[in-house]
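Engineer: This is the structure I have questions about; it appears just below.
In my numbering, the protein residues as written are 1175 to 1837.
Here is the structure:
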């Protein structure tokens, strides 16, 4: 660690962090969508899960789900350079290893591609939670590094209506409506949000390159439509059954590579269609005085069309890199959870999961390939409170997957590829010691992840080599920490963690040169053993009489491949520092300046780096008459020229304003 890093780490370990963990305080949070830790309530697992509620997310100027999740400790925003998707890493683990859930339902593409968090708006979001390492087994399989869960809203008044509209840089427009109503034995809620932009602009300090001449980023337009519907039946107190439907409909361009690495061939890609539909049922049935059943069922489809063109005119498709491909994926399954309601001493539960994923892909003029897996999981969890201040949490899970179909029809001759199957056992335990206003914790968890269909079989627009022989990766997580009050007014946390990963799965860049197209291909491989170690620390300091609030968050992370140190971890900066201040100069005005620092990170597995950066933001909210609220802000105030992936510059200084009316 360099001298600057040592100074930051020492200061961070003493006083820093974004906001102390808290429960979703918004009463409109859809409780059935939450997956809580097993065992006695409250401070037993304080600090094991970090949460941010919807209003706090909005006050920090978050524009999409990627912004919202990145507010939480241990989370680093990133960029998937293949399709320019907004993504995250949690303590160095990517979204395949820390999967996304919406109301407890798996939300990643069924083929196993990482979810694009920039496609998810925030109109229906009541809160976001992140677990890391030690996490509820009730999430189900493949939560190697933890889980991200987004909880939606439900109505709390007889009639509710919210209307929202705004504009932002790049000729951007957005609007949305959300309405809900309570009925005698249930409720209904629905909403729609639309967002479009013609482009985004790079920093004025950006130096033009072969794929980008500056100012307006090439091929950076987008359009997103989201729909949400939910209806619930509450026959008696404590019982609830809800059916929900969510749809995302997008089209967007993929900005081309604009770096100076001669090995990278620019791709000229557009997605004229990108659709996700999800239908789900979640419920809770009480049994007697203190037992319950929670069913979760879901069916998700994902379809997209990718067009690859010859050049930046985006008109001709005659060269070796040109094609039009289609993905048609689906996922169905569910879980059943049975347990005892949280009491003073313990609250055991068992959970069983089943999931079937199917990935289909074809290129215009070719046959359709199809790949499918079945996955099951069962787990038992409990926590025991003893001597009033101590709690011991225990869990044991079993997971298994089996390939059902692996038919590759993309070549001249059809092939039935190797399928694969595997199983894993997951023990975990945590010891918690509560004091007034906080809790210390020490946890261990063994988690595994089976390789996804996309990692084993997908060509990803002829940029990737399939690898049917991928094996399961396994991680042992150790953590010790404290979360709670530091004094009468200050909340804080500190944690140290260590994860040892076996048969780690990682993308290896420049794995093979394709003579036909003149481009380098990457491949997902088992790369041996890896270690993730680090420290996170922080404070949240509300000022006297509610006039101000301060939050700081620091994380130090070191990821190393111990089997092959020359193979570098992608997208994991060693240092990340974020901070914000919430100022209320008057009763109607709120100002929230924010700051982020990230050190350099590896952008490719062979050691290409992107520089560290500082980015400042400013958000303002003013309460207007007749239930109107105006939110406006500036992001990247000082027009920093920076990248999250090499050759893909991020947006320069940009502005936004939104007007909201609530009834």
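By construction, the Cβ of each residue, glycine as well, lies at the ideal position given by its N, Cα and C atoms.
(1) Curious, which full-length beta strand (DSSP E) runs of at least 3 residues does the stretch 1625–1702 contain?
(2) Could you give the first and the last residue of the continuous beta strand (DSSP E) run that contains residue 1613?
(3) From 1232, 1332 and 1805, pick the residue whose C-alpha is nearest to that of residue 1302; which is it?
(4) Run through DSSP, which three-state label would residue 1291 get?
(5) For residue 1209, report the span of its alpha helix (DSSP H) as first-last.
(6) What are the boundary residues of the beta strand (DSSP E) that residue 1262 is part of?
(7) Which whole-angstrom value is the C-beta distance of residue 1625 and residue 1679, which I expect to be below 8 Å?
(8) Quick one, are the C-beta atoms of residue 1324 and residue 1276 less than 8 Å apart?
(9) By DSSP, does residue 1573 sit in helix, in strand, or in coil?
(10) Bridge partners for residue 1229 per DSSP, in chain order?
(11) Compare the Cα-Cα distances from residue 1603 to each of 1202, 1741, 1627 and 1211 and report the closest residue.
(12) Just to confirm the assignment, what range does the alpha helix (DSSP H) spanning residue 1765 have?
(13) How should residue 1461 be labelled, buried or exposed, when 16 other C-beta atoms within 10 angstroms of its C-beta is the threshold for buried?
(14) Within 10 Å of its beta-carbon, does residue 1357 have 16 or more other beta-carbons around it, so buried, or fewer, so exposed?
(15) Flag this pair as yes or no: are the beta carbons of residue 1470 and residue 1509 separated by less than 8 Å?
(16) What do you get for residue 1621, buried or exposed, if any count of 16 or more other CB atoms within 10 angstroms of its CB means buried?
(17) Can you check the stretch 1774–1827 for any beta strand (DSSP E) of at least 3 residues that lies completely inside it and give the ranges in chain order?
(18) Relative to the C-alpha of residue 1761, which candidate in 1722, 1774 and 1772 has its C-alpha closest?
(19) Where do the ends of the alpha helix (DSSP H) carrying residue 1237 lie?
(20) So, are the CB atoms of residue 1393 and residue 1429 less than 8 Å apart?
(21) What span of residues does the beta strand (DSSP E) with residue 1524 cover, start to end?
(22) Is it true that the stretch 1670–1679 meets the stretch 1336–1354, where meeting means three or more beta-carbon pairs spaced less than 8 Å apart?
(23) Going by DSSP, which residues form a beta bridge with residue 1273?
(24) Given a cut-off of 8 Å on the beta-carbon distance, is the pair residue 1533 and residue 1632 in contact?
(25) List, from N- to C-terminal side, the beta strand (DSSP E) runs of 3 residues or more that fit wholly inside the stretch 1290–1373.
(26) Please state whether DSSP places residue 1243 in a helix, a strand or coil.
(27) Quick check on the DSSP output: the beta strand (DSSP E) that includes residue 1202 runs from which residue to which?
(28) For the beta strand (DSSP E) containing residue 1420, name the first residue and the last one.
(29) Would residue 1769 and residue 1794 qualify as a contact pair, given that the criterion is a beta-carbon distance under 8 Å?
(30) What number of angstroms, rounded off, separates the C-alpha of residue 1702 from the C-alpha of residue 1595?
(31) With distances taken between CB atoms, is the gap from residue 1388 to residue 1729 smaller than 8 Å?
(32) Classify residue 1218: buried if its beta carbon has 16 or more other beta carbons within 10 angstroms, exposed otherwise.
(33) Spatial neighbours of residue 1564 within its chain, please: C-beta separation below 8 Å, excluding the five flanking residues on both sides.
(34) Thinking just about the alpha-carbon of each residue, which of 1465, 1643 and 1796 is nearest to the one in residue 1804?
(35) Hey, residue 1825 and residue 1375 are a contact pair by Cβ (cut 8 Å); roughly how many whole angstroms apart?
Structural biologist: The answer reads as follows:
(1) 1647–1659, 1665–1676, 1679–1688 and 1693–1700
(2) In the DSSP assignment, residue 1613 falls within the unbroken beta strand (DSSP E) covering 1612–1623.
(3) The shortest Cα separation from residue 1302 among 1232, 1332 and 1805 belongs to 1232.
(4) helix
(5) For residue 1209, there is no enclosing alpha helix (DSSP H), as DSSP gives it neither H nor E.
(6) For residue 1262, the enclosing beta strand (DSSP E) stretches over residues 1259–1264.
(7) About 6 Å separates the beta carbon of residue 1625 from that of residue 1679, a gap short enough to meet the 8 Å contact definition.
(8) yes
(9) Reduced to three states, the DSSP call for residue 1573 is strand.
(10) Paired residues: none, contrary to the question.
(11) 1211
(12) Counting along the chain, residue 1765 falls outside any alpha helix (DSSP H), though it belongs to the beta strand (DSSP E) covering 1763–1772.
(13) exposed
(14) exposed
(15) yes
(16) Of the other Cβ atoms in all chains shown, 16 or more fall within 10 Å of the Cβ of residue 1621; this residue is therefore buried.
(17) 1787–1798, 1802–1809 and 1817–1819
(18) The shortest C-alpha separation from residue 1761 is found at 1722.
(19) Here residue 1237 belongs to no alpha helix (DSSP H), and DSSP marks it neither H nor E.
(20) yes
(21) Going by DSSP, residue 1524 is part of the beta strand (DSSP E) stretching over 1523–1537.
(22) Contact between the stretch 1670–1679 and the stretch 1336–1354 is absent, because fewer than three Cβ pairs lie under 8 Å.
(23) BP columns for residue 1273 are empty, so no partner.
(24) yes
(25) 1299–1306, 1320–1326, 1333–1342, 1346–1357 and 1360–1371
(26) If DSSP states are grouped into helix, strand and coil, residue 1243 belongs with the helices.
(27) Going by DSSP, residue 1202 is part of no beta strand (DSSP E) at all; its letter is neither H nor E.
(28) 1414–1428
(29) no
(30) 20 Å
(31) no
(32) Low confidence applies to residue 1218: its pLDDT is 44, below 50, so where it sits in the model is not reliable enough to give any reading.
(33) 1605, 1606, 1607 and 1608
(34) 1796
(35) 7 Å
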